[in-house]
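Note sheet for the following structure.
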Amino acid sequence: MTATAPAFTGRRRQRRVAEAHLGWWMIAPVLIVLAANSIFPLVYAVFVSFHNFQLLIPVPHRFVGFANYARIFRDALFWSSLEVTLWFIAGVVFLQFPAGFGLALLLHRLRRRQDLLVTLFLVPTIIAPSVAAFQWAQLYNYQFGPLNYILGLFHLGRPTWTADPQLALPALVFVDFWEWTPFMTLLLFAGLRSLPQNIVDAARVDGSTACQVAWRIYLPLLRPVIGIALVLRILMSVKLFDIIYVLTAGGPGTVTENLAYFTYIEGFRYFNLGYACALAILQLIAVSLLAKLLIRMTRRPGVAHVIPAGGAA
Amino acid sequence: MKRRGLSLADLLTYATLALALFVFLAPVLWMLITAVKPAEEWLTSPPVFIPSELHWQNFADALFKWGGLKGLGDSLIVAAGSTVLSLLLGVPAAYSLGRFRTGGDNLSFMILSILFMPPVAVAIPMYLLWSSVGLLDSYTALILQYTVFNVPFISWVLKSFFEDIPRDMEDSAVVNGATRWRAFWEIAVPLARPAILAVALLAFIFSWNEFFFAVILSRAEVTTLPFILPTLMEGHDVLWGDIAAIATLGALPVIALAFALQRYLVRGLSFGTLRE
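Chains as they are written, first to last, in the numbering used here: chain A, 1 to 313; chain B, 314 to 589.
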């Protein structure tokens, strides 16, 4: 960054070399741990995915080429679990984002107590997902749950929620909404807070209404932050596992089985390790492409511009 | 055009925020209420909204009858162990990436992409690996497994932080005879303390809450609180009050930490992309 010096003196060059050496020493332990715990397993997963690898059947593992991958696309359960994953992504984009943005705008209007409120809102996000799932198991309880009691007061029926094939998926999408909308709010609120105030004031003077300000000024200026928030949440929703495991175990039938849960069942219930690994690798490829997109967005010059380091406190 | 006083818009703002706050906190509140209900009031229709007494016995049962105490201990060991290990590995790595640009953009991208790796992708090989070395159901396995996800997070957030610290102070220390390592340890690290606290908080919360690998790698020896919960919810006689007490034990430390370290929480949760 500061390579404007006309020529490297001998001592300077020496220092640079020493720094490079130290740099590698400082990062070497991380590389070793990551290699052992993620590079090696990934390579091994690729290897397994090319074999007929079943723990329950004591036959030697046979190389099967792309057979496991070919099987994926013929498997109706794969397509249905992909659909469930897409529903959760739709929940992020069409429910969590608008609600999160709305809440962020409202919080931004407040003049006091913003931090306290943000932290209160964040409680669903920071508690353990299995704790959150337990809370919803109570609320959704058919017989004794407060939700059905309140519906009963208004004679609105008694749904079985997570046991109802029609309602189970929406019920889970709502739990995910409840858990993660506050996180969306936090990111967008922090983004709003870092915007230069004079732009907004100028728009107000022009006589724009609050809605116009939100739509014409905040939305375009926040585009990089919105991009980051959406991609982060989409990546997280692809690996969603916990609330499905606790609340429905993929049921009733398989209507709430997403890709992550389907892979888990194939691998750890049926021990079709070859097939499960092929599924896992496919997800990894999809997610890496998404992650690449995310990083490109964080590097966009706009981000540095909109979010000055050490900006408005 | 800024108006002072309470306008209709202000009222609507407060009303909407209050309603939203209720929606987001009601389930937590319901858990807390259940945790202090006496057994006769767990399963009633209509449900009991205000317990007739504060029945602390649920917590005693949760701790001593259902393995809550062991769960708390195990969660603490795993979360603290992984946080400390992740910082020891991640802080120097972040400095190396941020200050020396070690390995260029490719290396930092590679480390970051591990953060987004779906856990199922490595679950099966890791399960086979840990079982082949006899470390299934051990502290070591969980601590290392969580470290793999904490380190990329820490490195990424702190890397941008170290980039923002001007290097003049460290450089002049080096010119005056200090080693580079001392410049890192005695100048850069103290300056980065708030950011380090933020990532430590998040790493702790992540490890305390983690569920997927706990399910896959744990059996009976190492039982963190998130792992215990669903095992108690199986079967027909669901002991709502006792489970709510265990869930509360799992949630309260995290909530308390979050409130105590509010400022750092926001900074850490926004993944360093937003700086306050």
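Quick reminder that beta carbons are idealized off the backbone N, C-alpha and C, glycines included. Note that this is a predicted model, so its numbers are computed, not measured.
Proximity winner among 210(A), 271(A), 275(A), 185(A), relative to residue 74(A) (alpha-carbon distances): 275(A)
The segment 97-112 of chain A in contact with the segment 527-545 of chain B per 3-pair CB rule at 8 angstroms: no
Residue-chain proximity (residue 363(B), chain A), Cβ-Cβ < 8 angstroms: no
Whole runs of the alpha helix (DSSP H) within the segment 113-152 of chain A, excluding any shorter than 4 residues: 114-121, 123-126, 129-139
Distance between residue 287(A) and residue 555(B) (C-alpha atoms, nearest Å): 39 angstroms
Cβ-based neighbour list, residue 411(B), same chain, cut-off 8 angstroms, excluding 5 preceding and 5 following: 471, 472, 473, 474, 475, 476
C-beta atoms of residue 380(A) and residue 142(A) nearer than 8 angstroms: This structure leaves residue 380(A) out entirely; chain A is present only between 1 and 313.
Close beta carbons around residue 133(A), own chain, < 6 angstroms, minus the five adjacent residues each side: 243, 246, 247
Distance, residue 93(A) Cα to residue 492(B) Cα: 50 angstroms
CB-CB length for residue 392(B) against residue 521(B), believed under 8 angstroms: 4 angstroms
Proximal residues to residue 390(B) (C-beta, below 7 angstroms), its chain only, five neighbours per side dropped: 452
Beta-carbon neighbours of residue 42(A), restricted to chain B and to distances below 7 angstroms: 434, 435
Contact residues within the segment 263-289 of chain A, judged by C-beta distance below 8 angstroms to chain B: 263, 264, 267, 268, 273, 276, 277, 279, 280, 281, 283, 284, 287, 288
Min CB distance residue 413(B) to chain A below 8 angstroms: yes
From 152(A), 21(A), 97(A), 29(A), residue whose alpha carbon lies closest to that of residue 358(B): 152(A)
Residue closest to residue 120(A), alpha-carbon to alpha-carbon, out of 45(A), 66(A), 292(A), 179(A): 179(A)
Collapsed DSSP secondary structure at residue 54(A) in the structure displayed: strand
Buried or exposed (CB count within 10 angstroms, at least 16 for buried), residue 277(A): buried
Contact with chain A by residue 460(B), beta-carbon distance below 8 angstroms: yes
Candidates 291(A), 290(A), 181(A), 279(A): closest to residue 433(B) by CA position: 279(A)
Cβ-based burial, residue 177(A) [other Cβ within 10 Å; buried from 16]: buried
Residue 21(A) - containing alpha helix (DSSP H), residue span: 10-34
Within chain B, partners of residue 237(A) - CB distance below 9 angstroms: Per Cβ cutoff of 9 angstroms: no residues; residue 237(A) is ~11 angstroms from chain B at best.
Residues of the segment 244-259 of chain A whose Cβ lies closer than 9 angstroms to any Cβ of chain B, in chain order: 245, 246, 259
Partners in chain B for residue 143(A), counting only beta-carbon separations shorter than 9 angstroms: 356, 358
Alpha-carbon to alpha-carbon, residue 417(B) and residue 404(B): 17 angstroms
Beta-bridge partners of residue 272(A), as assigned by DSSP: 54(A)
Environment of residue 224(A) [buried if 16+ CB atoms lie within 10 Å]: buried
Collapsed DSSP secondary structure at residue 319(B) in the structure displayed: coil
Pick from 205(A), 138(A), 108(A), 232(A) that is closest to residue 315(A), judged by C-alpha positions: Nothing can be reported for residue 315(A), as the shown portion of chain A is limited to 1 through 313.
Cα-Cα separation between residue 182(A) and residue 147(A), rounded to whole angstroms: 22 angstroms
Test: residue 176(A) CB closer than 8 angstroms to a CB of chain B: no
Member of 566(B), 508(B), 503(B) whose CA lies at the smallest distance from the CA of residue 576(B): 508(B)
Any chain A beta carbon closer than 8 angstroms to residue 409(B): yes
Cβ pair residue 446(B), residue 402(B) closer than 8 angstroms: no
Three-state secondary structure (DSSP) of residue 216(A): helix
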